[in-house]
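Protein chains: 2
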Amino acid sequence: MARPRSFDEAATMEKIVRQFWARGYEATSIRDLEAATGLGMTSLYNAFGGKRQVFCSALTYYSKHRTQRCIEGIERLPAPADRIRTFVARVIDAASEDPDRLGCLVINTAIELGPHDEDIATVVADNLAEVEAFFRRNYEAAQKQGQADPNVTPEDAGRSFSALMFGLRVLARSRPERDVMEGAARPLLALLRYGDQGCC
Amino acid sequence: MARPRSFDEAATMEKIVRQFWARGYEATSIRDLEAATGLGMTSLYNAFGGKRQVFCSALTYYSKHRTQRCIEGIERLPAPADRIRTFVARVIDAASEDPDRLGCLVINTAIELGPHDEDIATVVADNLAEVEAFFRRNYEAAQKQGQADPNVTPEDAGRSFSALMFGLRVLARSRPERDVMEGAARPLLALLRYGDQGCC
DNA sequence: AGGATTTTACAGCAGATGATACAAAAAGAT
DNA sequence: ATCTTTTTGTATCATCTGCTGTAAAATCCT
């Protein structure tokens, strides 16, 4: 009968995610991961594999537990226009309140490793595609309710809201000021008030 | 009388910029810089200083020769709305045509080092502020000519177009497809056709 | 008690890292 | 020719890096 693990995998993975999220892949050494988790290198290797493998696991974990969970929660809201507003507001809130300027692990990774590592680029691309799909389908649904500007195609809306989110993530790392980010979001969010204006 | 330099500083700096631009700070070693420039470590140290110093110089050089020069050139166009369109188009063109997915050194650096290195964060912030100011003043000028939606303040426009650019830079690293990026830009660029629609 | 299995601790490896020290080289002046 | 100054080349340093090997530890079963 084997010796039991002395740590909880999910809790440890959260710490690993946090470390990579703050510093990125290259600037994080195995010893940084030891310090962040309180575990020895051998334990980390046994449970998660080598550095690149543990990074891939962390990225996938983040993608599932942060991005997808967030989207699932938001899609419980009944109104699609509210879903879009809420997602944007969540990102602005997170950035404004984070002294560590973490931003988003996926976006950070897209920049750091995306052009050079195919496997990681695939995880990144899947995550970004989910974000875009969220905006696309909720914009389309909002249009059907007369709550979104009909001059913008759902495809363009998905892409432009996604690009806005990416831009907000860059601001989260560089200038996480609420008024700046809200100002950045306002013109696109104005597309969602379209039906409220009783136009021409 | 001292031995003369065997290399041209500006040409070498271009190569250094290119290396850091492609791989970032942490993943670039001094030996990578040696290989990229064809110079020995001692020559690099004498001319540019240690790794972090040479990176700061590269970032500043990029900021001046890439961002500022680009903006200066674009502002020779007479129509402010065209300036905005052109800047966006330039970024989309560059990303669509770059097999190396370089993106933008400033944005890459904002993500990689921004939260952790104050001096570098300052160079980044200055550059991002120039981009925002470009959009802000040209949006305002376009409004005065009746070429931009008057419901959007120049401040919000500056911020939202900046955020769009940042988002496009993220796409440049992860998914540099022209139609995706043009779709992302289309709703904001539509603000510039406002006067053309002969609205209500 | 011993046996079996997995986990953890510890020591160490080969190579990489940013940087330094020192000698040789390049150039103009005397 | 020598002198002076800066640059380049080369060897090396101390430390760090991701990773491996091995022994001790933890657990249940017989």
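One line per chain: the protein sequences are A and B, in this order. For the first sequence, full-length UniProt numbering gives the first residue as 1, with consecutive numbering after it. For the second sequence, full-length UniProt numbering gives the first residue as 1, with consecutive numbering after it. Each residue gets a CB set at the ideal place from its N, CA and C atoms; glycine is no exception. Note that the structure is predicted; figures quoted are calculated from it, not measured.
Thinking residue i and residue j are a contact (beta carbons under 8 Å), I'd like their distance in whole angstroms, please.
i	j	result
L59 of chain B	I120 of chain B	7 Å
V106 of chain A	V124 of chain A	6 Å
A172 of chain B	A95 of chain B	4 Å
P176 of chain B	R90 of chain B	14 Å between Cβ atoms; not a contact.
V170 of chain B	F166 of chain A	4 Å
E140 of chain B	P154 of chain B	4 Å
R85 of chain A	L189 of chain A	6 Å
A157 of chain B	F135 of chain B	6 Å
Does residue i get closer than 8 Å to chain A when you measure Cβ to Cβ?
i	result
I30 of chain B	no
N108 of chain B	yes
R101 of chain B	yes
D156 of chain B	yes
G198 of chain B	Per-residue confidence for G198 of chain B stands at a pLDDT of 44, beneath the threshold of 50, marking its modelled position as unreliable; no derived number is given.
L77 of chain B	no
V180 of chain B	yes
Q19 of chain B	no
E34 of chain B	no
E112 of chain B	yes
Got a sec, what are the start and stop residues for the alpha helix (DSSP H) residue i sits in?
i	result
V106 of chain B	105–112
Y25 of chain A	Segment: none, Y25 of chain A is in no alpha helix (DSSP H) and carries neither H nor E.
V54 of chain B	51–62
M1 of chain B	Looking at the DSSP string, M1 of chain B is not in any alpha helix (DSSP H), and its letter there is neither H nor E.
V170 of chain A	154–174
L188 of chain A	178–189
G40 of chain A	Run containing G40 of chain A: none; DSSP gives neither H nor E here.
Taking Cβ-Cβ distances shorter than 7 Å, what residues in chain A pair up with residue i?
i	result
E124 of chain B	The amino acid occupying residue 124 of chain B in the given sequence is Val; Glu does not appear at that position. Within 7 Å Cβ-Cβ: S174.
L168 of chain B	A163
A141 of chain B	In chain order: nothing, as chain A lies at least about 17 Å away.
For residue i, which residues in chain B fall below 8 Å Cβ to Cβ?
i	result
E26 of chain A	G24, E26, A27
A121 of chain A	S174
Consult DSSP for residue i and reduce its assignment to one of helix, strand or coil.
i	result
N46 of chain B	helix
I84 of chain A	helix
E140 of chain A	helix
S6 of chain A	coil
H116 of chain B	coil
Q147 of chain B	coil
E14 of chain B	helix
E72 of chain B	helix
E97 of chain B	coil
A79 of chain B	coil
L102 of chain B	coil
C199 of chain B	The predicted model places C199 of chain B with a pLDDT of 40, which falls under 50 and marks its position as unreliable; any figure quoted below should be read in that light. Three-state result, C199 of chain B: coil.
Under 8 Å between C-beta atoms, does residue i make it to chain B?
i	result
F135 of chain A	no
A94 of chain A	no
E72 of chain A	no
Could you tell me which chain A residues have their CB closer than 9 Å to the CB of residue i, listed as they occur along the chain?
i	result
V152 of chain B	R186, P187, A190
Quick one: which chain B residues come within Cβ less than 7 Å of residue i?
i	result
P115 of chain A	D100, R101, R173
R159 of chain A	V180, G183, A184
For the ligand SAM, is there a heavy atom less than 7 Å away from the beta-carbon of residue i?
i	result
E14 of chain B	This structure does not include the ligand SAM; it has no bound ligands of any sort.
Chain B partners of residue i, CB-CB under 9 Å?
i	result
L128 of chain A	V170, L171, S174, R175
I84 of chain A	Residues of chain B passing the Cβ test: none, with the nearest at roughly 13 Å.
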